[in-house]
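Chemist:
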Amino acid sequence: MSLMRTAFLQPPPISHFSTPPFTPTVKFTVSCRLVASPETLVSVDIDKKPSERNEVRLGLPSKGRMATDTLDLLKDCQLSVRQTNPRQYVAEIPQISNLEVWFQRQKDVVRKLVSGDLDLGIVGLDTVMEYGQGDEDLIIVHDALDYGDCHLSLAIPKYGIFENINSLNELAKMTQWTPERPLRVATGFTFLGPKFMKENGLNYVTFSVADGALEAAPAMGIADAIVDLVSSGTTLKENNLKEIEGGVILESQAVLVASRKSLIQRKGVLDITHEMLERLEAHLKAGGQFTVTANMRGTSAEEVAERVLSQPSLSGLQGPTVSPVFCNRNGSATADYYAIVICVPKQALYKSVQQLRMIGGSGVLISPLTYIFDEETPRWRQLLSNLGL
Ligand SMILES: Nc1ncnc2c1ncn2[C@@H]1O[C@H](COP(=O)(O)OP(=O)(O)OP(=O)(O)O)[C@@H](O)[C@H]1O
Ligand SMILES: O=P(O)(O)OC[C@H]1O[C@H](OP(=O)(O)OP(=O)(O)O)[C@H](O)[C@@H]1O
Ligand SMILES: [Mg+2]
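Note that full-length UniProt numbering has the sequence shown beginning at 1, numbered continuously upward.
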């Protein structure tokens, strides 16, 4: 699996996608034919002017595997969504005034960002890339919200003529594929699938469209290969399919995406984006760390700091905070002990505790962190430069 992960498309640069806007006729007559015409090909020519409204709108997935995790993340950032009725599609985040939350299907969040009916959205990167179709108005504001991890991949049967095919190169070189008998691929990704095949020199390919249970298509004799999302790999395995080297089209996770026009033109969007970005970054950074406090006997704060800094896992985010712990000795305040406070990556916790004990630490307390606010948010700076601000 790790080998297959080498050839994925990087998330789009924060400013724009490298692909040109979608032009279905050219795309499919050159190298690929699309068997059924999906609904996604219809609404290309949308008026992109921002609509007349004063509220800022954030689109969130209305159901499915992304919905709960999205609400949980926002809640953890103290941005709980208040929805009075689960069948109501509009809600609010009381913490942020003038923000409306609209629950929509993921693909509709992207479509409505493009049409100007939403300003911000949280969805999987795969959905942004598929339904955004390279639209330069879409900007990825936060590219790693740390859930919804999966990858879009080309998979082929383990058996028959594919038994010894283990890479995209080998698949492309198979002599079976001709204009009369192309490689038949089943997918729901009718933009990214054909684009990937074309970019990788697979010329004789046709696509058929299905929305689910794609993994059944090869066994049913409907397709030779599939392009679909994979996370654990169980569905592929259960259906006797395999991924191949060079066949990963996109690595995906949940992202915060915005409309460039809204950010620049609509009052309040930039400020709300800034606040959301700050909270998300600070919370996600904190998620990987614990605060560790301990007491340590010593002659001075400097001497204790030197001991702490001599240990590789104890340097913290910016070095340890060391403060004297005073006790009353014969009427005067004396410091025999020092309290140290450091942030420690979760994976290094036990090692850090061992190192603390080794240098004389006692009374070690571990607490979770809610936020780590840095002086500035790197993604915010990136966003501003992207917008030319
Ligand atoms: N194993 C997985 N399979 C599919 N999607 C996954 C997986 N793991 C994470 N995801 C993420 O979840 C999203 C799909 O969520 P879900 O299946 O709930 O919605 P959907 O079926 O695409 O949307 P809808 O039902 O609204 O059309 C994907 O776009 C992807 O970003
Ligand atoms: O690698 P895995 O962990 O097995 O996950 C991948 C499967 O999950 C998704 O299907 P989903 O559950 O949405 O069902 P569907 O295909 O019917 O839409 C996706 O389309 C794959 O079929
Ligand atoms: Mg699905």
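Glycine residues also receive a C-beta, built at the ideal position from the N, C-alpha and C atoms. All figures in this text were calculated on a predicted structure; none of them were measured in a lab.
Using the C-alpha atoms, what's the distance from Trp380 back to Lys346?
Modeler: Cα-Cα distance, rounded: 26 Å.
Chemist: Where do the ends of the beta strand (DSSP E) carrying Arg87 lie?
Modeler: No beta strand (DSSP E) contains Arg87, which DSSP labels as neither H nor E.
Chemist: Are the beta-carbon atoms of Ser315 and Gln355 separated by less than 8 Å?
Modeler: The answer is no: Cβ separation not under 8 Å.
Chemist: In three-state DSSP terms, what is Lys198?
Modeler: Helix at Lys198.
Chemist: Identify, in the order they occur along the chain, each residue of the same chain with its Cβ nearer than 7 Å to the Cβ of Phe326, setting aside the five sequence neighbours on each side.
Modeler: If we look at Phe326 and ignore the five residues flanking it on each side, its Cβ neighbours are Ala333, Thr334, Ala335.
Chemist: Would you call the CB atoms of Leu152 and Val227 closer than 8 Å?
Modeler: A contact, by the Cβ cut-off of 8 Å.
Chemist: So Trp102 is in the beta strand (DSSP E); what residue range does that whole segment cover?
Modeler: That run of the beta strand (DSSP E) goes 99–104.
Chemist: Would you report the Cα separation of residue 390 and Tyr131, rounded to the nearest angstrom?
Modeler: As displayed, the chain neither begins before 1 nor continues past 389, which places residue 390 out of reach and without an answer.
Chemist: With a Cβ-Cβ cutoff of 8 Å, do Ala225 and Ala282 count as a contact?
Modeler: It is not a contact, given that the beta carbons lie outside the stated cut-off.
Chemist: Please classify Val292: does DSSP put it in a helix, a strand, or coil?
Modeler: The answer is strand: DSSP assigns Val292 an E or B state.
Chemist: With Val269 as the anchor, note down where its alpha helix (DSSP H) starts and where it stops.
Modeler: Looking at the DSSP string, the run of the alpha helix (DSSP H) that includes Val269 is 269–287.
Chemist: CB-CB under 6 Å to Pro218, same chain, minus the five flanking residues each way: which ones, in chain order?
Modeler: If we look at Pro218 and ignore the five residues flanking it on each side, its Cβ neighbours are Pro157.
Chemist: Taking the alpha-carbon of Val292 as reference, which of Leu365, Leu241, Ala258, Glu278 has the nearest alpha-carbon?
Modeler: Val292 has its Cα closest to that of Leu365, out of Leu365, Leu241, Ala258, Glu278.
Chemist: Output the boundary residues of the beta strand (DSSP E) element that contains Glu251.
Modeler: From DSSP, the beta strand (DSSP E) with Glu251 extends over 241–252.
Chemist: Mind pulling the beta strand (DSSP E) runs of 3 or more residues that sit fully within the UniProt domain "Histidine biosynthesis HisG C-terminal" (287–370)?
Modeler: List check, beta strand (DSSP E) in window: 289–297, 321–329, 332–345, 361–368.
Chemist: Look up Arg379 in the DSSP assignment and say whether it is helix, strand or coil.
Modeler: Of the three classes helix, strand and coil, the one that applies to Arg379 here is helix, per DSSP.
Chemist: Please say whether Val185 and Ala223 have beta carbons closer to each other than 8 Å?
Modeler: Yes, Cβ-Cβ distance for Ala223 and Val185 is below 8 Å.
Chemist: Do Val341 and Pro320 have their C-beta atoms within less than 8 Å of each other?
Modeler: For Val341 and Pro320, yes; Cβs fall inside 8 Å.
Chemist: Would Gly247 pass as an interface residue toward chain D - the criterion being a Cβ-Cβ separation below 8 Å?
Modeler: No chain D appears in this structure, which consists of one protein chain only.
Chemist: When the Cβ atoms of the region 111–128 are set against those of the region 54–69, are three or more pairs found closer than 8 Å?
Modeler: Result yes; three or more Cβ-Cβ pairs closer than 8 Å.
Chemist: Tell me which residues share the same chain as Arg279 and place their Cβ nearer than 8 Å to its Cβ, disregarding the 5 neighbours each side in the sequence.
Modeler: The residues are Cys77, Gln78, Leu79, Tyr371.
Chemist: Asn164: buried (16+ other C-beta within 10 angstroms of its C-beta) or exposed?
Modeler: Exposed.
Chemist: Less than 6 Å between C-beta atoms, sequence neighbours within five positions excluded: which residues of the same chain meet that for Gln106?
Modeler: Excluding sequence neighbours, Gln106 sits near Pro61, Val123, Thr127.
Chemist: For Ser97 versus Asp149, is the C-beta spacing smaller than 8 Å?
Modeler: No. Outside cutoff.
Chemist: Less than 8 Å between C-beta atoms, sequence neighbours within five positions excluded: which residues of the same chain meet that for Tyr159?
Modeler: If we look at Tyr159 and ignore the five residues flanking it on each side, its Cβ neighbours are Asn240.
Chemist: My output table needs one value for Val110: the three-state DSSP class, helix, strand or coil.
Modeler: Val110 falls in the helix class under three-state DSSP.
Chemist: Using the three-state DSSP reduction, which class does Met372 fall into: helix, strand or coil?
Modeler: Looking at the sequence itself, residue 372 is Ile, so the reference to Met does not match. Coil at Ile372, not helix or strand.
Chemist: Closer than 7 Å: is that where the CB of Asp228 sits relative to any heavy atom of ligand 2?
Modeler: Yes, the beta carbon of Asp228 sits closer than 7 Å to at least one heavy atom of ligand 2.
Chemist: Does Gln88 pass the burial test, meaning 16 or more other C-beta atoms within 10 Å, or should it be called exposed?
Modeler: Flag for Gln88 reads exposed.
Chemist: Suppose the cutoff is 7 Å on Cβ atoms and the five residues either side in sequence are ignored; what does the same chain contact list for Ala339 look like?
Modeler: Result list for Ala339: Thr293, Asn295, Ser323, Val325, in chain order.
Chemist: Ordered along the chain, which non-local residues of its own chain (more than five positions away) have a Cβ less than 8 Å from that of Asn85?
Modeler: The answer is none, since no qualifying residue turns up.
Chemist: Inspect the beta-carbon positions of Leu118 and Gly59 and report whether they are closer than 8 Å.
Modeler: Yes. Within cutoff.
Chemist: Give me the Cβ distance between Leu99 and Ile272, rounded to the nearest whole Å; I'm assuming they're in contact under 8 Å.
Modeler: The pair is a contact, with the Cβ atoms about 6 Å apart (cut-off 8 Å).
Chemist: Who are the Cβ neighbours of Ile161 in its own chain at under 7 Å, not counting the five residues just before and after it?
Modeler: Correct list, in chain order: Gln176.
Chemist: Kindly indicate which residue of Tyr204, Val109, Glu375 has the alpha-carbon position closest to the one of Pro179.
Modeler: Looking at the Cα atoms, Tyr204 is the closest of the given residues.
Chemist: Please tell me whether, using a cut-off of 7 Å, the distance from the CB of Gly268 to the nearest non-hydrogen atom of ligand 2 is below it.
Modeler: No; taking the cut-off as 7 Å, the Cβ of Gly268 has no heavy atom of ligand 2 nearer than that.
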